[in-house]
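Report on the following structure.
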Amino acid sequence: MTDKQARRIAEFIAPLRVEPGSKVDLARDFDPRYRARLRKRDSTELLRTGVSLLAEYQSRLAAQDTYGVLLCLQALDAGGKDGTIRHVMSGVNPQGVRVSSFKVPSAEELDHDYLWRYARQLPARGEIGIFNRSHYEEVLVVRVHPENLERQRLPEDARGRGVWKRRYREINDWERHLCDNGFPVVKIFLNLSKEEQRTRFLKRIDLPEKNWKFSAADIRERAHWDEYQRAFSEMLSATSTSWAPWYVVPADRKWFARICAAAVLAHTLIELDPRYPEVGKAARKELLAAKRQLEGEAPEGAERDPYAAEHGD
């Protein structure tokens, strides 16, 4: 990775970043159809390059075993979270990636604080953890449907006036704690237009192989579109921080959303710049001794270093 390539990636994602401290109006500030003058016919090669870059850096991340990365994906229904994960992480070693999805909380989860179930799924050092929906559900779905707050059995003073501002502060503090301890948090909101959501819902209804992806609950949630837009806008305003900024990715074009998501994650890994561990003198001696032993076992007339011959060294 050259400095020029790193700068190009940083410049590409800059318009998507929510400036910390800014007041966001989602409809005004971010266009779901923005595509940065890219063309779809170029998207396959661009995504392939991004996936290759992620594979390289994920390998370094695992080898260094110092940092873990948490990627949070938020979107409304049909926003493209599953497809983004599938395409962006297609070239990464699955042993180094863990995807967690969060549905309606269980009775056990409701017996703990609202961040407990998310903390249990955090990545280890050397891993990339992906939250398909995340702790931000607690200031989105729970806010749009206040009956969910009642189910959390909170003390009265913890669910009264100011609950959302307090949760924003608690989430910011939690994410800062993670970042300070070597677990940077990457936050992507897939910004889908209402018309594009309608089109995708119809496709799920019309195509038998997509029927399983549609639920009547999707239509019920769509009725709360304006409430969700307000909740997203306030969430982005309150929780895009210098240590864990939000990136609003235009989601109406799936191919562009995937390129953007790959670029945002790649930017984080480039900034971390994980390195393969250097072997010390004692370990180097052991490696050389093992090499001599293995070469001594080669059958007569066989290539003493088949790896070198294969790679032209």
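Here the sequence shown stands for residues -6 to 306, where the numbers follow this note's numbering. Here a beta-carbon is modelled for each residue, glycine too, at the ideal position from N, C-alpha and C.
Could you give the DSSP three-state label for residue i: helix, strand or coil?
i, result
"residue 67", "strand"
"residue 174", "coil"
"residue 96", "coil"
"residue 327", "The requested residue 327 is not part of the displayed model; the chain covers only -6 to 306."
"residue 103", "helix"
"residue 183", "strand"
Residue i to residue j, Cα distance in whole Å?
i, j, result
"residue 93", "residue 288", "46 Å"
"residue 275", "residue 282", "11 Å"
"residue 182", "residue 280", "47 Å"
"residue 35", "residue 5", "15 Å"
"residue 237", "residue 209", "34 Å"
"residue 67", "residue 272", "41 Å"
"residue 133", "residue 188", "21 Å"
"residue 174", "residue 114", "16 Å"
"residue 23", "residue 17", "9 Å"
"residue 277", "residue 290", "20 Å"
"residue 63", "residue 286", "43 Å"
"residue -5", "residue 3", "13 Å"
"residue 176", "residue 80", "23 Å"
Of the choices the options, whose alpha-carbon is the least far from that of residue i?
i, options, result
"residue 32", "273, 281 and 248", "248"
"residue 60", "293, 283, 233 and 269", "269"
"residue 47", "29, 198, 120 and 23", "120"
"residue 104", "29, 148, 167 and 264", "148"
"residue 198", "160, 186 and 212", "212"
"residue 57", "89, 185 and 154", "89"
"residue 312", "129, 71, 154 and 215", "No statement about residue 312 is possible, as the shown extent of the chain runs from -6 to 306 and does not include it."
"residue 95", "241, 109 and 85", "109"
"residue 131", "-1, 158 and 118", "158"
"residue 40", "77, 219 and 176", "77"
"residue 101", "215, 82, 146 and 140", "146"
"residue 141", "97, 263, 219 and 222", "97"
Would you mind giving the Cβ-Cβ distance between residue i and residue j, rounded to the nearest angstrom? I have them listed as a contact below 8 Å.
i, j, result
"residue 124", "residue 65", "5 Å"
"residue 254", "residue 243", "Not quite, the Cβ-Cβ distance comes to about 11 Å (not below 8 Å), so this is no contact."
"residue 194", "residue 207", "7 Å"
"residue 179", "residue 234", "Wrong, their Cβ atoms sit about 13 Å apart, outside the cutoff."
"residue 111", "residue 127", "7 Å"
Any chance the CB of residue i is under 7 Å from a heavy atom of the ligand SAH?
i, result
"residue 65", "Within the structure as shown, the ligand SAH is missing, as the structure has no ligands at all."
4-residue-minimum alpha helix (DSSP H) runs that sit fully inside the segment -4 to 59, ordered along the chain: -4 to 6, 19 to 22 and 36 to 57
Entirely enclosed beta strand (DSSP E) segments - the segment 110 to 164, minimum 3 residues: 121 to 125
Segments of 4+ residues assigned as alpha helix (DSSP H) that fall wholly inside the segment 239 to 281: 247 to 265
Alpha helix (DSSP H) segments (min. 4 residues) lying fully within the segment 185 to 249: 187 to 199, 209 to 215 and 218 to 232
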